[in-house]
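First up is the structure itself, then whatever we jot down about it.
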Amino acid sequence: MALNIYLVRKEFSATTFKFLKPYSSLPRHLHSCFNTGHLCFRFDPCTFFASLIDNSVNRSHLNQIHAQLFVSRLQYNGFLITKLVNCCATLGEIRYARNVFDYYPDPDVFLWNAIIRCYTRQNLFCNAIEMYARMQIACIRPDGFTFPLVLKACTASLAFLDIGRRVHGQAFRHGLEADVFVQNGLVTFYAKCRKISLANIVFGRLSDRSIVSWTSIISGYAQNGQPIEALRIFNQMREVNVKPDQIALVSVLRAYTDVEDLEHGKSIHGCVIKMGLEFEIDLLISLTAMYAKCGQVMFARLFFDQVRIPNLILWNAMISGYAKNGYAEEALELFRRMITMNFGPDSITITSVILACAQMGSLELARWMSDYIGRSEFRNDAFVSSALIDMFSKCGSVDLARDVFDRALDKDVVLWSSMIMGYGLHGRGQESINLFEAMRQAGIPLQLRILLLDPGQFWDLKSEIGVVMDENTHQSLMISQIKAAKLLKAIESGPDYGSVS
């Protein structure tokens, strides 16, 4: 026999690889062949170690395998080292992967891709971009797998937009701009960086559109506040018989939620059920948000209750759904349950709960909410402060609203407008005018904000503050007294003066 089985068993014994007992029996790695008419066996160490690496489940396994690569003088085998780094990425052993990479004397493009992939999988995007830069310095020519990895890293922050554009240029210079993986990476990169027009240009050039490319452009439009375009692309995808995946369905549900199209949203819900995806967490969140925003809070609660441990997005979808549809008590009860389960709210949660408190009209409840926020990280959040001012005004205490206004560190136009509206709601017209003048003197962009104190005082106030209305002026009307509601309705049915900020 061409190979001494005893020596093989001694070198690769079960005691060395304790974690994989099946490998103590090596005949599966001894490939039979005919040589001069005699049956012999040939041992393939690369196949053997590759199989071991693929079956590793922790750092200890990798250490043992790596040690045996040195014993077998395979520590510079590029194929095995690349597999080792990829396995490190899967197991989250970033530092070990980097040590293996740094020890290798002359990494090829496959090993460079492996270490870049390792960093992107663990969301260490700066490190991934740094390794790509080092790859360029080492004069290693990137391939069609390098660019998608780097582009994914560039989606982490708008700060990387220029870097991503340079990567796009390098892909073009290397003749890989037409590569389907690179194009999909470019669509995703531009969409996530809010350059949806550029994403659409790249998408239009795709000759072979995969589900990844369709999903990327649909998600891009949905995430960039263009739900109609997202739905248009989705309809195109269905016309060419491309079956949507989970990510596409989440994006389409988000688009239907934004336009509050319940009927079409229900049709997507039907697709979700047919595909057996109704228990996927992302789709449950999307369905909860859609039904809640479209006023079907009971249906939304059914989906919410199917999740054993809701995440923050799901809590927000349900609480805001209750608050926006007038179910204040349910919103507050769910918020109490949320904090009891030690879930930390964010600004979206807080503003939804403030809205519910305002609907209740209880000053005592409003004080409790204000105290809670005062002890939290949101006490200096301008958006939350604006909501608090509105809450106290609607609960009958414009003086407490003014206290919130005075304590605010960063007074933006929304905060000023909330306080002016609070004074108007309580009929304190002169204080509204004084605050409006103070806002103008503070250099806050007015855009034009008109305080309507009383139906008969509209033009007098316009003359007093010296504003000029023309077609290019953005105006918002803030009504101070309930008796002005009829005039507001007449204004809203007439020429468009903009929206309330």
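In full-length UniProt numbering, the protein residues as written are 1 to 501. We treat Cβ as the ideally placed atom computed from N, Cα and C, and that holds for glycine.
Contact check for residue 122 and residue 169: beta-carbon distance about 27 Å, past the 8 Å limit, so the pair fails to qualify.
For residue 301, the secondary structure class from DSSP, reduced to helix, strand or coil, is helix. By the Cβ rule, the region 290-297 does not count as touching the region 305-312, because fewer than three pairs are nearer than 8 Å. Rounded to whole angstroms, the separation of the alpha carbons of residue 75 and residue 63 is 12 Å. The Cβ atoms of residue 347 and residue 381 sit closer than 7 Å to each other.
The count of Cβ pairs closer than 8 Å, one atom from the region 187-205 and one from the region 235-254, stays below three, leaving the stretches out of contact. Take the alpha-carbon of residue 428 and the one of residue 394: they are about 14 Å apart. In the three-state scheme derived from DSSP, where H, G and I count as helix and E and B as strand, residue 179 is classed as coil. Each of 409, 48, 98 and 162 was checked against the Cα of residue 379, and the nearest Cα belongs to 409. In this structure, the beta-carbon distance from residue 115 to residue 149 does not fall below 7 Å. Residue environment analysis places residue 215 among the buried positions, since at least 16 neighbouring C-beta atoms fall within 10 angstroms of its C-beta. Within the same chain, and ignoring the five residues on either side of residue 158 in sequence, the residues whose Cβ sits closer than 8 Å to its Cβ are 193 and 194. Put simply, the backbone Cα of residue 420 is about 33 Å away from that of residue 297.
Annotated three-state conformation of residue 278 is coil, per DSSP. The continuous stretches of alpha helix (DSSP H) do not include residue 105, and DSSP gives it neither H nor E.
Closest in C-alpha terms to residue 265, from the list 299, 425 and 330, comes 299. Leaving aside the five residues that flank residue 156 on each side, the residues in its chain whose CB is nearer than 7 Å to its CB run, in chain order, 125. Listed in chain order, the non-local C-beta contacts of residue 143 below 8 Å within the same chain comprise 109, 113 and 176, local neighbours out to five positions each way being set aside.
Linking residue 271 to residue 51 through their CA atoms gives a straight-line distance of about 40 Å.
The distance from the Cβ of residue 341 to that of residue 354 is about 20 Å, inconsistent with a contact at the 8 Å cut-off.
Of 152, 146 and 209, the smallest CA-CA separation from residue 180 is found for 209.
In the three-state DSSP reduction, residue 194 falls in the coil class, being neither helix nor strand. Contiguous alpha helix (DSSP H) elements confined to the region 119-144 occur at 125-137, taking only those with 4 or more residues.
A straight-line Cα-Cα distance of about 21 Å links residue 118 and residue 67.
Just measuring C-alpha positions, the residue of 224, 364, 414 and 140 sitting nearest residue 386 is 414.
Burial is judged here by how many other beta carbons sit within 10 angstroms of a residue's own beta carbon; residue 445 has fewer than 16 and is exposed. Closest in C-alpha terms to residue 253, from the list 80, 127, 228 and 336, comes 228. Rounded to the nearest whole angstrom, the C-alpha separation of residue 417 and residue 388 is 13 Å.
Scanning its chain for C-beta atoms nearer than 8 Å, with the 5 sequence neighbours on each side dropped, one finds around residue 161 the residues 154, 193 and 195, in chain order.
Scanning its chain for C-beta atoms nearer than 6 Å, with the 5 sequence neighbours on each side dropped, one finds around residue 87 the residues 53 and 56, in chain order. Contact between residue 222 and residue 199 fails: their C-beta atoms lie close to 12 Å from each other, not under 8 Å. Annotated three-state conformation of residue 413 is helix, per DSSP. The residue from 61, 275 and 230 with its alpha-carbon nearest to that of residue 84 is 61. Counting only runs of at least 4 residues, the region 355-397 fully encloses the following alpha helix (DSSP H) elements, listed from N- to C-terminal order: 363-374 and 382-394.
Less than 7 Å divides the Cβ of residue 128 from the Cβ of residue 120. An exposed status is given to residue 376, since fewer than 16 other beta-carbon atoms sit within 10 Å of its beta-carbon.
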